[in-house]
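What follows is a set of notes on a single structure, which appears directly below.
This is the structure we're talking about:
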């Protein structure tokens with residue numbers, strides 16, 4: 001790698017780039033349209049293996065989230081665990097990811113994102129092996145924590161690496177491809193899980209990550225570019241890392257417990273951990289040149305508005321993805337197979353539109369594109385909430401497609417706005433906030449669904465969809481306000 005620093009690449013603006021939308025093979029073809037650009041300070045001789053390593057890891061982390069949700073009934077039955085207890089297979093992963101995002105993002109600014117990414121991929125692969133070998137629910141939950149720590153390392157810096165590889169004028173394409181891969185992972189997750197479980201047992205769902213993780217590590221080790229370390233100005237503080245982890249783990253746990261209407265004592269305990277550790281974190285990082293909770297970046301209006309837009313948009317997604325299965329099965333009386341098919345239509349449209357939206361965001365204002373996308377999503381959520389009980393499959397798919405179109409138009413431009421509004425030496429912090437805002441929104445949305453279902457019974461799913469329309473409208477307002485932000 002010694003001879004690679006200083007070699008730069010730029011995505012070619014050839015007519016065929018990012019137009020076929022045919023899946024992973026299409027992505028590989030697009031990545032080959034890379035041409036040298038001497039004005040970009042970082043690059044690799046051949047960007048294809050570097051980007052494949054990054055996107056393979058991102059794909060696995062997205063796929064694994066969707067797979068685990070789908071496999072919960074099989075896991076619960078095989079390990080003889082109750083349905084409520086088996087939910088910790090999902091919760092353990094999410095809590096671990098949220099806890100380590102900002103520490104790993106800060107470590108990326110200190111060490112360089114390449115080292116954090118490769119370390120995260122190793123931990124994720126080891127955790128996947130542990131999941132595959134687990135024979136009890138506690139062992140599986142512990143392995144999921146390890147897996148979540150690794151996934152957090154990947155998510156914290158993957159966009160920082162994308163920014164490192166793509167020229168500034170092509171950043172939209174890079175984040176568009178990233179959004180495409182994430183959407184592809186989520187859309188394929190339920191289908192892959194169903195197919196695998198029809199042939200073999202659930203441990204294979206996690207075992208397949210091991211060879212793919214090794215492949216991604218080998219590719220990344222050879223091809224991902226180095227970046228300058230900032231050890232002098234960006235010293236890493238382990239105490240801040242612990243405080244940040246406890247702050248956001250407590251916040252996530254408090255939201256989840258409140259949504260499940262847990263005892264007041266448990267909710268207040270989680271809130272107390274969040275508040276006490278949060279205050280201690282702010283005091284500890286005061287005066288630090290690269291604070292772990294990036295208050296320096298949040299002081300930038302464009303950055304903070306983009307983060308708020310992201311939280312509201314992913315809250316809408318969480319409200320939709322958790323409530324729609326209940327809505328389809330209890331209100332519209334669809335069977336589980338039909339429900340899985342209907343749910344995938346949203347993610348498929350997002351995956352299809354994301355690369356194009358990323359390319360357009362290099363030409364048009366992300367504030368405008370994001371505002372239009374969120375307005376479309378809000379209208380789509382309203383159409384779902386008002387859907388008649390005898391709606392046809394075509395009618396449902398069209399409504400889901402409208403939602404996917406709106407979310408897809410928003411996602412890539414918003415990612416570009418967040419990453420481009422942060423200075424290069426704070427790319428790790430910006431990348432970590434992207435992942436944190438996504439998980440915060442999704443967790444909040446899921447908690448609101450739990451509360452709606454608890455209070456409204458069969459009507460709760462409809463309430464959640466209406467609430468999702470409101471959060472999407474709020475996201476549209478935040479996005480549009482960026483037109484006047486400096």
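Numbering (the working numbering), first residue to last: 1 to 486.
Heads up, the beta-carbon is just placed ideally off N, CA and C, and yes, glycines get one too.
Cutoff 7 Å; reference residue i; Cβ partners in own chain excluding five residues on either side
i           : result
residue 103 : 241, 244, 245, 292
residue 353 : 405, 408, 409
residue 205 : 67, 71, 193, 196
residue 285 : 240, 291, 292, 293
residue 274 : 247, 250, 251, 254
residue 337 : none
residue 401 : 345, 349
When the options are compared against residue i, the one with the closest alpha-carbon
i           : options            : result
residue 360 : 410, 445, 456      : 410
residue 281 : 239, 403, 318, 300 : 239
residue 366 : 266, 374, 417      : 417
residue 169 : 419, 475, 90       : 419
residue 468 : 458, 449, 459      : 449
residue 298 : 146, 485, 261, 454 : 485
residue 188 : 340, 463, 399      : 340
residue 391 : 134, 331, 132, 475 : 331
residue 149 : 313, 304, 263, 126 : 126
residue 371 : 79, 334, 413       : 413
residue 61  : 264, 225, 185      : 185
residue 315 : 334, 115, 52, 473  : 473
residue 176 : 457, 415, 378      : 415
residue 165 : 224, 304, 63, 335  : 224
residue 128 : 64, 283, 135       : 64
Nonlocal neighbours in the same chain, by C-beta distance under 8 Å from residue i, ignoring five residues either side
i           : result
residue 57  : 117, 120, 121, 124, 154, 158, 213, 216, 220
residue 101 : 152, 155, 156, 248, 432, 435, 436, 439
residue 387 : 332, 395, 396, 399
Contacts around residue i, its chain only, beta-carbon distance under 6 Å, and the 5 residues preceding and following it disregarded
i           : result
residue 404 : 346, 349, 350
residue 55  : 181
residue 483 : 367
residue 255 : 443, 444, 447
residue 81  : 137
residue 475 : 309, 312, 313, 374
residue 132 : 203, 206, 207
Element boundaries [alpha helix (DSSP H), containing residue i]
i           : result
residue 93  : 88 to 111
residue 75  : 47 to 78
residue 216 : 209 to 223
residue 372 : 366 to 385
residue 479 : 460 to 481
residue 405 : 393 to 420
residue 331 : No alpha helix (DSSP H) contains residue 331, which DSSP labels as neither H nor E.
residue 235 : Segment: none, residue 235 is in no alpha helix (DSSP H) and carries neither H nor E.
Rounded separation between residue i and residue j - CA only
i           : j           : result
residue 222 : residue 50  : 8 Å
residue 423 : residue 295 : 14 Å
residue 436 : residue 461 : 26 Å
residue 202 : residue 74  : 7 Å
residue 471 : residue 271 : 23 Å
residue 383 : residue 479 : 22 Å
residue 369 : residue 105 : 27 Å
residue 442 : residue 48  : 31 Å
residue 31  : residue 190 : The predicted position of residue 31 is uncertain, since its pLDDT is 41 and thus under 50; a value taken from the coordinates is nonetheless stated next. Straight-line Cα distance between these residues: approximately 27 Å.
residue 525 : residue 325 : Any property of residue 525 remains undetermined from this structure, which presents the chain solely from 1 to 486.
residue 279 : residue 92  : 25 Å
residue 171 : residue 162 : 8 Å
residue 355 : residue 327 : 30 Å
residue 322 : residue 465 : 10 Å
residue 268 : residue 277 : 14 Å
residue 41  : residue 112 : Below a pLDDT of 50, predicted positions are generally treated as unreliable, and residue 41, at 32, falls in that range; no measurement from the model is reported.
residue 90  : residue 452 : 21 Å
residue 358 : residue 266 : 42 Å
residue 77  : residue 319 : 27 Å
residue 142 : residue 257 : 20 Å
residue 493 : residue 52  : Summary: the structure shown does not reach residue 493, with the chain confined to residues 1 through 486, and so no result is reported for it.
residue 481 : residue 59  : 32 Å
Where residue i sits in the DSSP three-state scheme
i           : result
residue 291 : coil
residue 175 : helix
residue 154 : helix
residue 527 : Outside the shown range of the chain (1 to 486) lies residue 527, about which nothing can therefore be said.
residue 262 : coil
residue 347 : helix
residue 438 : helix
residue 168 : helix
residue 36  : Since pLDDT at residue 36 reaches only 41, below the 50 mark, its modelled position is unreliable, and the value read off the structure follows with that caveat. If DSSP states are grouped into helix, strand and coil, residue 36 belongs with the strands.
residue 280 : helix
residue 296 : helix
residue 227 : coil
residue 134 : coil
Residue i Cβ short of 8 Å to the ligand FMN heavy atom set
i           : result
residue 121 : Among the components modelled here there is no ligand, and therefore nothing to report on the ligand FMN.
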